[in-house]
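Single-structure report; data block below.
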Amino acid sequence: MAAAEGARLHHIARESPDVKRLAAFYQEVCNFHFQVLGFERIEAPKFGEFEVIWLRLPPSFSLHLIEKDPRSKLPEGPSAVADPSALPRGHHISFAVSNYEAFVQTLNVRPFLIFAPVLSLFF
1 MAAAEGARLH HIARESPDVK RLAAFYQEVC NFHFQVLGFE RIEAPKFGEF EVIWLRLPPS
61 FSLHLIEKDP RSKLPEGPSA VADPSALPRG HHISFAVSNY EAFVQTLNVR PFLIFAPVLS
121 LFF
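Okay, so the sequence shown: first residue is 1 according to UniProt numbering, each after it adds one.
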């Protein structure tokens, strides 16, 4: 029996200078007040001087949004892409949806790129 039997992805953490804006993106699409992916905000511990927002995508996936330290020398996170064609090679989060076409129509207010053979949106 493997020591990590039953292991599953628990969460992904993303750094952002504006965690409220990033959380709003995952909870809403532009100014339309409906959920696309179904993320819900959950309680997050207080980490002191920096802001943290935790979102949950039922049934068990979490996305932890962490305020970027302005003094950090680390390169910018996955949002800083000067050339959108570089997105497929960069850090990103991927979601599977049951109705791809409906999902694309919901996001049609944002620019996106579609790559084959797997239908993917990069935004």
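Heads up, the beta-carbon is just placed ideally off N, CA and C, and yes, glycines get one too.
Checklist line | Proximity of PHE39 and GLU67 at Cβ, strictly below 8 Å | finding: One-based indexing of the sequence shown puts residue 39 at position 39. One-based indexing of the sequence shown puts residue 67 at position 67. Contact: no.
Item checked: Under the three-state DSSP convention, the category PHE103 falls into -> Locating residue 103 in the sequence shown gives position 103, where the first residue counts as 1. It is helical.
Note to self: Since ALA23 and LEU57 should fall inside the 8 Å C-beta cutoff, what is the C-beta to C-beta distance between them, to a whole number of angstroms?
What the structure shows: The residue given as residue 23 occupies position 23 in the sequence shown. The residue given as residue 57 occupies position 57 in the sequence shown. So it is not a contact: roughly 13 Å between Cβ atoms.
Next item on the list: Note down the Cα distance separating TYR26 from LYS73, rounded to an integer number of angstroms.
Entry: Start at 1 with the first residue of the sequence shown, and residue 26 comes out as number 26. Start at 1 with the first residue of the sequence shown, and residue 73 comes out as number 73. One C-alpha to the other measures close to 26 Å.
Item checked: ILE42 burial status per 10 Å Cβ neighbour count (16 or more: buried) -> Your numbering for residue 42 matches position 42 in the sequence shown. Under this definition ILE42 is an exposed residue.
Notebook entry, point to check: Do LEU63 and HIS10 have their C-beta atoms within less than 8 Å of each other?
Noted result: Position 63 of the sequence shown, counted from the start, is the residue given in the question as residue 63. Position 10 of the sequence shown, counted from the start, is the residue given in the question as residue 10. It is not a contact, given that the beta carbons lie outside the stated cut-off.
Notebook entry, point to check: Where ARG14 and ILE53 are concerned, what is the direct C-alpha to C-alpha distance, given to the nearest angstrom?
Noted result: Taking the sequence shown and counting its residues from 1, one reaches residue 14 at position 14. Taking the sequence shown and counting its residues from 1, one reaches residue 53 at position 53. Each residue's Cα considered, the two are about 10 Å apart.
Check: How big is the Cα-Cα spacing for ALA96 and PRO70?
Finding: Along the sequence shown, read from residue 1 onward, the residue named residue 96 stands at position 96. Along the sequence shown, read from residue 1 onward, the residue named residue 70 stands at position 70. Near 33 Å, if we compare the C-alpha coordinates of PRO70 and ALA96.
Checklist line | Opening and closing residue of the alpha helix (DSSP H) in which VAL19 lies | finding: Reading the sequence shown from its first residue, position 19 is the one you call residue 19. Looking at the DSSP string, the run of the alpha helix (DSSP H) that includes VAL19 is 19-27.
Checklist line | Between the CA atoms of ARG8 and ASN31 - distance to the nearest angstrom | finding: Reading the sequence shown from its first residue, position 31 is the one you call residue 31. Reading the sequence shown from its first residue, position 8 is the one you call residue 8. Unreliable placement is indicated for ASN31, whose pLDDT of 36 sits below 50; the coordinate value is still reported in the next sentence. For ASN31 and ARG8, the distance between alpha carbons rounds to 34 Å.
Check: By DSSP, does HIS10 sit in helix, in strand, or in coil?
Finding: Along the sequence shown, read from residue 1 onward, the residue named residue 10 stands at position 10. Assignment of HIS10 by DSSP, reduced to helix, strand and coil, places it in the coil class.
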